[in-house]
Amino acid sequence: MSDHNPFAVSEHAGSGQNPGMNDPHMHPAFRELIQLLVETRPWVRFLSILMIIGAVFMLIGGAISTLVLGGVGMRLGFLGVVYLIFSLLYIYPAVCLMRYASAISEAESNGQLVTVNEAVMHQKKFWRFCGIVAAVILTSYILTLVLSFTVGFMF
Numbered sequence: 006m007s008d009h010n011p012f013a014v015s016e017h018a019g020s021g022q023n024p025g026m027n028d029p030h031m032h033p034a035f036r037e038l039i040q041l042l043v044e045t046r047p048w049v050r051f052l053s054i055l056m057i058i059g060a061v062f063m064l065i066g067g068a069i070s071t072l073v074l075g076g077v078g079m080r081l082g083f084l085g086v087v088y089l090i091f092s093l094l095y096i097y098p099a100v101c102l103m104r105y106a107s108a109i110s111e112a113e114s115n116g117q118l119v120t121v122n123e124a125v126m127h128q129k130k131f132w133r134f135c136g137i138v139a140a141v142i143l144t145s146y147i148l149t150l151v152l153s154f155t156v157g158f159m160f
């Protein structure tokens with residue numbers, strides 16, 4: 006078994022024998038991290054644009070359903086309101102992804118750790134929002150199922 010500790014400070018740290026390794030911006034792993042982020046940027050931007058387009062179509066469809074079909078029947082008008090609400094749920098994550106892609110571009114150009122941190126922060130906001138929405142949807146499914154069984158057994 007080796008006594009090598011990967012978390013120990015190297016004996017070359019601060020000695021000038023390994024130039025550039027004390028600066029995290031010059032470390033090859035940091036450069037590779039930025040390169041990996043840059044490779045994901047087109048897909049991030051593509052998905053954010055698709056989400057914005059989807060939100061716009063949902064807004065238009067919801068508005069048409071609410072205004073035009075709402076007079077025909079209550080259900081169709083309610084469906085339009087649901088579309089309007091869901092379209093708003095697409096805008097925030099799309100903006101998070103767009104900001105994430107922009108921060109990746111900035112990190113590529115300046116190579117600063119603080120910019121990479123900002124990019125990952127926008128990614129975190131996106132995933133946190135997706136997790137919250139998924140939990141709310143799962144909870145609503147469970148409540149709907151329980152309510153369906155409860156009402157079904159009552160009649």
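My numbering applies: residue 6 is where the sequence shown begins, and numbers increase by one.
Positions of the beta carbon are idealized from the N, C-alpha and C atoms, including for glycine.
Beta-carbon proximity check, residue i vs residue j, cutoff 9 Å
i       : j       : result
Cys-101 : Phe-131 : yes
Leu-89  : Leu-52  : no
Gly-66  : Val-86  : no
Ile-109 : Ala-99  : no
Leu-38  : Glu-113 : no
Burial state of residue i, where buried means 16 or more other Cβ atoms lie within 10 Å
i       : result
Gln-40  : exposed
Thr-149 : exposed
Met-159 : exposed
Val-119 : exposed
Among the options, the one whose alpha carbon lies nearest that of residue i
i       : options                   : result
Tyr-105 : Phe-154, Cys-135, Thr-45  : Thr-45
Ser-92  : Met-126, Gln-117, Leu-55  : Leu-55
Pro-47  : Ser-145, Met-103, Ile-142 : Met-103
Anticipated Cβ contact below 8 Å, residue i with residue j, distance rounded
i       : j       : result
Ala-139 : Ile-96  : So it is not a contact: roughly 17 Å between Cβ atoms.
Leu-94  : Gly-82  : So it is not a contact: roughly 20 Å between Cβ atoms.
Leu-84  : Ser-107 : So it is not a contact: roughly 35 Å between Cβ atoms.
is_contact[residue i, chain C] using C-beta, thresh 9 Å
i       : result
Leu-150 : Although the question refers to chain C, the structure presented lacks it and comprises just one protein chain.
- Whole runs of the alpha helix (DSSP H) within the stretch 45 to 131, excluding any shorter than 4 residues: Under the rule that a run must span 4 or more residues, the alpha helix (DSSP H) segments found entirely inside the stretch 45 to 131 read 79 to 115.
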